[in-house]
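K.L.:
Quick one: the structure is below, and I'll ask about it shortly.
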Amino acid sequence: MKRITLLVSAIALITSCKNEQAPAPVSGGLDCSKAKIDSSYVAAAIRTNCTSRGCHRGGASTIPDFSSALKLKQFINNKPAVFALRVTGPQANMPPQRFPPLSQGMKDSLACWVARGMPDK
Numbered sequence: 014m015k016r017i018t019l020l021v022s023a024i025a026l027i028t029s030c031k032n033e034q035a036p037a038p039v040s041g042g043l044d045c046s047k048a049k050i051d052s053s054y055v056a057a058a059i060r061t062n063c064t065s066r067g068c069h070r071g072g073a074s075t076i077p078d079f080s081s082a083l084k085l086k087q088f089i090n091n092k093p094a095v096f097a098l099r100v101t102g103p104q105a106n107m108p109p110q111r112f113p114p115l116s117q118g119m120k121d122s123l124a125c126w127v128a129r130g131m132p133d134k
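Throughout the sequence shown, residue numbering follows the numbering used here, covering 14 to 134 in sequence.
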């Protein structure tokens, strides 16, 4: 009896498995009017992708300092086009190629945060 149950279970498992692709995500990007993105979320993302890798942590005069939310906001306020071009835009080149690129979702989140005035909460 156990062998029959095991055999039936194995057949059911084998025939139910399929090699299917997951559905593609809905296009259109992030809805900024509904997204709740604040400085703490952005600070964690910047820390993970920008400062913990030895870049943008301050101390170098030629590299923008993103070591705090205030310094990041100051950079974006002073050079919004540069931030958009290098970080959130379609041809963004940050982080450099030796690191994994930001996901489109992360780029969209950062762009929404900036578009909404970089809220702290």
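Heads up, the beta-carbon is just placed ideally off N, CA and C, and yes, glycines get one too.
1) Taking a contact to mean a Cβ-Cβ separation below 7 Å, would you say I50 touches F79 in this structure?
2) Out of P132, A105 and T18, which has the shortest C-alpha to C-alpha gap to L85?
3) So, with DSSP's three-state summary, where would you put T75?
4) Go ahead and pull the three-state DSSP assignment for Q104.
5) Quick one: residues in its chain with C-beta nearer than 7 Å to the C-beta of S71, no 5 flanking neighbours on either side, listed in chain order?
P.N.:
According to the data block:
1) no
2) With distances taken between Cα atoms, L85 lies closest to P132.
3) In this structure, T75 counts as coil in the three-state DSSP scheme.
4) coil
5) A small correction: the amino acid at residue 71 is Gly; Ser does not occupy that position in the sequence shown. Counting only Cβ-Cβ distances below 7 Å, and skipping sequence neighbours, we find D78 and S80.
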